[in-house]
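Remarks on the structure that follows.
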Amino acid sequence: MRVAGIWPNPSTVDWPGKLVGVVYTQGCSFDCVYCHNHPLIPFSGGRPLSPEELVAEVEETYLGMVEGIVITGGEPTLQPDLADHVKALSDAGYEVGVDTNGANPRAISSVLGSVSRVALDLKAPLPDYPRVVRRPVSGELILETFRLLNDWGRGRPPWSWEVRTTVAPPLVGRQEVLEIADLLAREGFSGTFVVQAFRRDGTRPEASFLREPTVEELVGIAREAAERSGIEVFVRSRLGLKKISPGLDARAASTGPA
Ligand code: SF4
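My numbering runs 5 ahead of the 1-based position in the sequence shown.
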């Protein structure tokens, strides 16, 4: 597996309720306009690590302080030996989570026996994918990944199965989130839906037309999505994670950047 880096400190935000380490893989099949990890898009960087080497580096980095490891990217499912690394971490006693862009359902299927959490980025309503990820991608493939995970996630503990959408107006805004919520409702969604704010930090010049939504805007969109679809929606912002219930007054939230 090509590893771009291991986050030096335990994280409290990458797996709600758990203290985890984070491993970044090198290479991604998308080129999202708002990507703030764009140095991880080319497949040429990073260091190749065997499963044993990865476990050793994780142990050396976190010194037993973390319960789990989140493998993110880049796009982890494009690493041909991802399943071996997930199993090695799991055998070493870590709960393992994988973040994915959903474009490789076969790879996701290969790790479902060893992971405790998967977070899928649903970036846009399926027909809109090309304008957000700027690569040819089949919506059917994303849907296949979603359905695989939706079956796997049924009945699992909270935060095992997360779908998240980055709100980045005018590219991805209220209308797109509502359409995604409709899709989740139609599919009998079994996980947790999170809307999160686009952040400009670390993005490229082509993202300059995007706007960071305010917390108020994000809460308003999430509340509308929850009321319309009947599914639970969470907002992830600089203020932390907040569950949105129908009737919550969005004006009570901060009006600063989310
Ligand atoms: S899928 Fe993630 S890593 Fe890949 S380009 Fe999009 S935001 Fe960046």
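From the three backbone atoms N, C-alpha and C, an ideal C-beta is built for every residue, glycine too.
Keep in mind the model is a prediction, meaning the values are calculated, not measured.
DSSP-derived helix/strand/coil call for residue i
i    : result
Y134 : helix
D187 : helix
E167 : strand
P81  : helix
R52  : strand
P15  : coil
T219 : strand
L125 : strand
R7   : strand
Residue i beta carbon near the ligand SF4 (any heavy atom closer than 8 Å)
i    : result
H90  : no
L146 : no
V168 : no
E80  : yes
D126 : yes
D36  : yes
I46  : yes
Y134 : no
V138 : yes
N42  : yes
Residue burial classification, residue i (beta-carbon count within 10 angstroms, cutoff 16)
i    : result
F214 : exposed
G158 : buried
E100 : buried
T105 : buried
N-terminal and C-terminal residue of the beta strand (DSSP E) that residue i is part of
i    : result
L246 : 245-249
F239 : 238-242
D104 : 100-105
First through last residue of the alpha helix (DSSP H) which encompasses residue i
i    : result
F198 : It is not in any alpha helix (DSSP H) - F198 instead sits in the beta strand (DSSP E) that spans 197-202.
E145 : 144-158
V120 : It is not in any alpha helix (DSSP H) - V120 carries neither H nor E in the DSSP assignment.
G91  : One point to set straight first is that residue 91 is Val, not Gly, in the sequence displayed. It spans 87-96 - the alpha helix (DSSP H) in which V91 sits, taken as one unbroken run.
For residue j and residue i, believed in contact at Cβ under 8 Å, the rounded distance
i    : j    : result
P44  : G26  : Actually they do not touch by this definition, with Cβ atoms about 20 Å apart.
F265 : V172 : There is no way to answer for residue 265, as the model of the chain reaches only from 6 to 263.
G178 : H41  : That pair is no contact at about 19 Å.
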